[in-house]
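In full-length UniProt numbering, the protein residues as written are 1 to 222.
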């Protein structure tokens with residue numbers, strides 16, 4: 001089984017790779033084609049593969065931390081940071097994916113409208129038949145169904161993002177409890193924190209007194 005530092009090294013490499021792929025994928029928004037290009041499909045595959053690998057590695061880190069009752073606060077913080085970065089990248093990917101899909105549908109819709117206008121003009125110039133009217137109605141029904149399917153897809157993505165946020169919130173609360181528990185076992189930590197807080201209050205009081213004296217001095221010399 002790999003050690004904690006070894007797994008973290010793999011995670012950092014995958015995080016950097018995901019960051020680069022996301023940046024390139026987001027650039028597609030500026031020039032969306034009517035259907036996914038080879039480059040777009042490759043980027044999607046690479047991003048989703050990296051995200052899955054990172055999730056698996058984070059699960060391994062979780063098991064290592066859970067198996068060690070004396071895990072340091074540093075390890076817990078590092079683990080939590082990897083989780084946060086993964087969540088950020090997932091959210092960024094889903095947002096870019098939804099934007100690209102919306103832009104693609106808008107482009108295809110405009111193309112379809114132009115095609116419909118051209119078809120309508122052609123039919124208007126030529127005596128129509130009942131078959132033409134039926135075909136047109138079927139085409140309209142198909143477009144409506146496609147619009148409904150798109151709406152369902154976007155709603156599903158929104159619910160998935162919401163559920164992921166809920167899972168991450170629960171994970172954050174668990175890690176926070178572990179950090180507080182670890183901190184409570186460090187001798188003298190609470191005393192040190194108390195002294196630091198006392199010193200900050202004392203410094204604030206001295207500063208406030210000095211400012212008050214300066215204001216009074218300025219007031220009297222005037």
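Glycine included, each C-beta is placed from N, C-alpha and C at the ideal position.
Would you check if the distance between the CB atom of residue i and the CB atom of residue j is smaller than 7 Å?
| i | j | result |
| --- | --- | --- |
| residue 82 | residue 22 | no |
| residue 98 | residue 25 | no |
| residue 17 | residue 50 | yes |
| residue 79 | residue 57 | no |
| residue 53 | residue 86 | no |
| residue 32 | residue 144 | no |
On the DSSP letters alone, give me the boundaries of the alpha helix (DSSP H) that residue i sits inside.
| i | result |
| --- | --- |
| residue 70 | No alpha helix (DSSP H) contains residue 70, which DSSP labels as neither H nor E. |
| residue 5 | 4-26 |
Should residue i go down as buried or exposed, given a rule of 16 or more other Cβ atoms within 10 Å for buried?
| i | result |
| --- | --- |
| residue 129 | Here the model assigns residue 129 a pLDDT of 49, short of 50, so the residue's position is not dependable, and the following value carries that caveat. Exposed. |
| residue 28 | buried |
| residue 47 | buried |
| residue 260 | Summary: the structure shown does not reach residue 260, with the chain confined to residues 1 through 222, and so no result is reported for it. |
| residue 75 | buried |
| residue 77 | exposed |
| residue 93 | buried |
| residue 201 | exposed |
| residue 90 | buried |
| residue 43 | buried |
Taking 8 Å as the limit between beta carbons, can you name the residues of its chain near residue i, skipping five residues before and five after?
| i | result |
| --- | --- |
| residue 20 | none |
| residue 34 | 104, 107, 108 and 111 |
| residue 212 | none |
| residue 7 | 57, 60, 61 and 64 |
| residue 160 | 94 |
For residue i, I'd like the list of residues in its chain whose CB is within less than 6 Å of its CB, leaving aside the five on either flank, ordered along the chain.
| i | result |
| --- | --- |
| residue 203 | none |
| residue 71 | 65 |
| residue 207 | none |
If you drop the 5 nearest sequence neighbours on each side, which residues of the same chain put their C-beta closer than 7 Å to that of residue i?
| i | result |
| --- | --- |
| residue 171 | 83 |
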